[in-house]
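To keep things clear, I will list the structure first and then write my remarks on it.
There are 2 protein chains.
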Amino acid sequence: MADQLSRVFSALADPTRRDIVARLTDGDANVSELASSYDVSLQAISKHLKVLEDAGLVSRSRDAQRRPVHLEAEVFDLMTKWIERYRQQAEERYRRLDQLLAETDATRSTEQRGAS
Amino acid sequence: MADQLSRVFSALADPTRRDIVARLTDGDANVSELASSYDVSLQAISKHLKVLEDAGLVSRSRDAQRRPVHLEAEVFDLMTKWIERYRQQAEERYRRLDQLLAETDATRSTEQRGAS
DNA sequence: CTCTTATTCAACCAAGAGGTTGATTTCGAC
DNA sequence: GTCGAAATCAACCTCTTGGTTGAATAAGAG
Numbered sequence: 001m002a003d004q005l006s007r008v009f010s011a012l013a014d015p016t017r018r019d020i021v022a023r024l025t026d027g028d029a030n031v032s033e034l035a036s037s038y039d040v041s042l043q044a045i046s047k048h049l050k051v052l053e054d055a056g057l058v059s060r061s062r063d064a065q066r067r068p069v070h071l072e073a074e075v076f077d078l079m080t081k082w083i084e085r086y087r088q089q090a091e092e093r094y095r096r097l098d099q100l101l102a103e104t105d106a107t108r109s110t111e112q113r114g115a116s
Numbered sequence: 001m002a003d004q005l006s007r008v009f010s011a012l013a014d015p016t017r018r019d020i021v022a023r024l025t026d027g028d029a030n031v032s033e034l035a036s037s038y039d040v041s042l043q044a045i046s047k048h049l050k051v052l053e054d055a056g057l058v059s060r061s062r063d064a065q066r067r068p069v070h071l072e073a074e075v076f077d078l079m080t081k082w083i084e085r086y087r088q089q090a091e092e093r094y095r096r097l098d099q100l101l102a103e104t105d106a107t108r109s110t111e112q113r114g115a116s
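Protein chains in written order, with the UniProt record's numbering: chain A, 1 to 116; chain B, 1 to 116.
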């Protein structure tokens, strides 16, 4: 479908799916266990889990008829890396801007330059 | 529409919009400047910017006919907080599990307890 | 085997997303 | 005032999404 980062962000754009993720930090759970918390059908939750699985956010094993859902924490790093990169770049830019503004007066008298 | 967290995740689920965000870390840009980088219409980019603005990821000021787009870094914190909370909880859970497994032998002889 | 439980598959539907093109607004330049 | 550039609005189209219900599959329990 799309790249993984898109799938991860897209998966977490839904409140029900974010709630499922939150729930899974307390431990693995079956589809029906998860479904009991929401007022949508079991099939709807099954679909949500497929989306989370495709994004790599959860994995599913097998225990008789049950399919325990397990949270995969590693994928969060992918997002964190993306976010932090741009957040830091943005902050860096503000920092440089502040510095530039602060230097405006000072530099005028001494007249020194340095390429970024 | 939806809660802000949903809007933010949803906004970043699109590769073009993520690219726009990346582009904006280099500095503000007009709609047409941004649009020139992509092979979709200006109107499509205008729509993308509206989505980013509704999510609080960018803001737009006015400079004659131009509408400079500015990246708002603060909103990233909202996501980071959400992600970190569950990532840490998940890691915490693994840590406790490891500890539990490690204690299984040791505790058997000394028999001491402590509620978490 | 048959029954029951857990889950998925399939078909369908309404609403939303992302794209298009054409018209309209907003402002500076002439 | 008129022209042109920048951007948005509006109508439309197609594909996706999140939901439904009903049937099918998988696997333990009787």
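Virtual Cβ for every residue (Gly too), placed ideally from N, Cα, C.
Quiz prompt | Three-state class that DSSP yields for A/D28 in the structure shown | solution = Your numbering for residue 28 of chain A matches position 28 in the first sequence. If DSSP states are grouped into helix, strand and coil, A/D28 belongs with coil.
Quiz item: On the three-state DSSP scale, how would you describe B/R87?
Solution: What you label residue 87 of chain B is simply residue 87 of the second sequence in a count that begins at 1. In the structure shown, B/R87 sits in a helix (DSSP, three-state: H, G or I).
Quiz item: Under the three-state reduction of DSSP, which class applies to B/E67: helix, strand or coil?
Solution: If you number the second sequence from 1, residue 67 of chain B lands on position 67. The amino acid occupying residue 67 of chain B in the given sequence is Arg; Glu does not appear at that position. Coil.
Practice problem: Check the Cβ of A/A4 against every Cβ in chain B and list those closer than 9 Å, keeping chain order. | Solution: Here residue 4 of chain A refers to the residue found at position 4 when the first sequence is read from its first residue. Reading off the sequence, residue 4 of chain A comes out as Gln, not Ala. By Cβ distance, chain B contributes nothing, its closest Cβ being about 11 Å from A/Q4, past 9 Å.
Practice problem: Between the Cα of B/S46 and those of B/L5, B/E72 and B/S32, spot the shortest distance and give me the residue it belongs to. | Solution: Position 46 of the second sequence, counted from the first residue, corresponds to residue 46 of chain B. With distances taken between Cα atoms, B/S46 lies closest to B/S32.
Quiz prompt | B/V40 in three-state terms, based on DSSP | solution = Your numbering for residue 40 of chain B matches position 40 in the second sequence. Correct three-state label for B/V40: coil.
Self-check item: Extent of the continuous alpha helix (DSSP H) run through A/S6
Solution: Taking the first residue of the first sequence as 1, we reach residue 6 of chain A at position 6. A/S6 -> alpha helix (DSSP H) spans Q4 to L12.
Quiz item: Among all the DSSP beta bridges, which residues are the ones paired with A/V58?
Solution: If you number the first sequence from 1, residue 58 of chain A lands on position 58. Answer is A/L71, bridged to A/V58.
Quiz prompt | Cα-Cα separation between A/R18 and B/Q88, rounded to whole angstroms | solution = By 1-based counting over the first sequence, the position of residue 18 of chain A is 18. By 1-based counting over the second sequence, the position of residue 88 of chain B is 88. Computed Cα separation, rounded: 15 Å.
Exercise. Could you pull out every residue in the same chain whose Cβ sits closer than 6 Å to the Cβ of A/L24, ignoring the five residues on either side in sequence?
Key: In the first sequence, the residue the question calls residue 24 of chain A occupies position 24. Correct list, in chain order: L71.
Quiz item: Comparing alpha-carbon positions, which option in B/R85, B/R62 and B/S36 lies nearest B/T16?
Solution: Residue mapping note: residue 16 of chain B aligns to position 16 of the second sequence, counting from 1. Of B/R85, B/R62 and B/S36, the residue nearest in Cα terms is B/S36.
Exercise. Quick one: using the 10 Å Cβ neighbour count with 16 as the cut-off for buried, is A/A44 buried or exposed?
Key: Within the first sequence, residue 44 of chain A is the residue found at index 44, counting from 1. It counts as exposed.
Quiz item: Around the C-beta of B/V40, are 16 or more other C-beta atoms found within 10 angstroms, so that it is buried, or is it exposed?
Solution: Along the second sequence, one-based indexing puts residue 40 of chain B at 40. Exposed is the call here.
Quiz item: In chain B, which residues lie less than 8 Å from A/D14 when you measure between Cβ atoms?
Solution: In the first sequence, the residue the question calls residue 14 of chain A occupies position 14. Per Cβ cutoff of 8 Å: S6.
Exercise. Kindly give me the distance between the Cβ atoms of A/V69 and A/L42, rounded to whole angstroms, as I take these residues to be in contact under 8 Å.
Key: Counting from one through the first sequence, the residue named residue 69 of chain A turns up at place 69. Counting from one through the first sequence, the residue named residue 42 of chain A turns up at place 42. No, A/V69 and A/L42 are not in contact; Cβ-Cβ is about 13 Å, not under 8 Å.
Self-check item: Inter-residue Cα distance where the pair is B/L49 and A/Q65
Solution: Sequence index remark: in the second sequence, residue 49 of chain B carries index 49 (1-based). Sequence index remark: in the first sequence, residue 65 of chain A carries index 65 (1-based). Their backbone Cα atoms lie some 47 Å apart in a straight line.
Exercise. Identify the contact partners of A/I45 in chain B, using a Cβ-Cβ distance below 8 Å as the criterion.
Key: Within the first sequence, numbered from 1, the residue matching residue 45 of chain A stands at position 45. Within chain B, no residue comes near A/I45; the closest Cβ sits about 18 Å away, beyond 8 Å.
Quiz item: Under a CB-based cut-off of 8 Å, is B/R87 close to chain A?
Solution: Within the second sequence, residue 87 of chain B is the residue found at index 87, counting from 1. Chain A contact via Cβ: present.
Quiz prompt | Between the CA atoms of B/E92 and A/D54 - distance to the nearest angstrom | solution = In the first sequence, the residue the question calls residue 54 of chain A occupies position 54. In the second sequence, the residue the question calls residue 92 of chain B occupies position 92. Straight-line Cα distance between these residues: approximately 24 Å.
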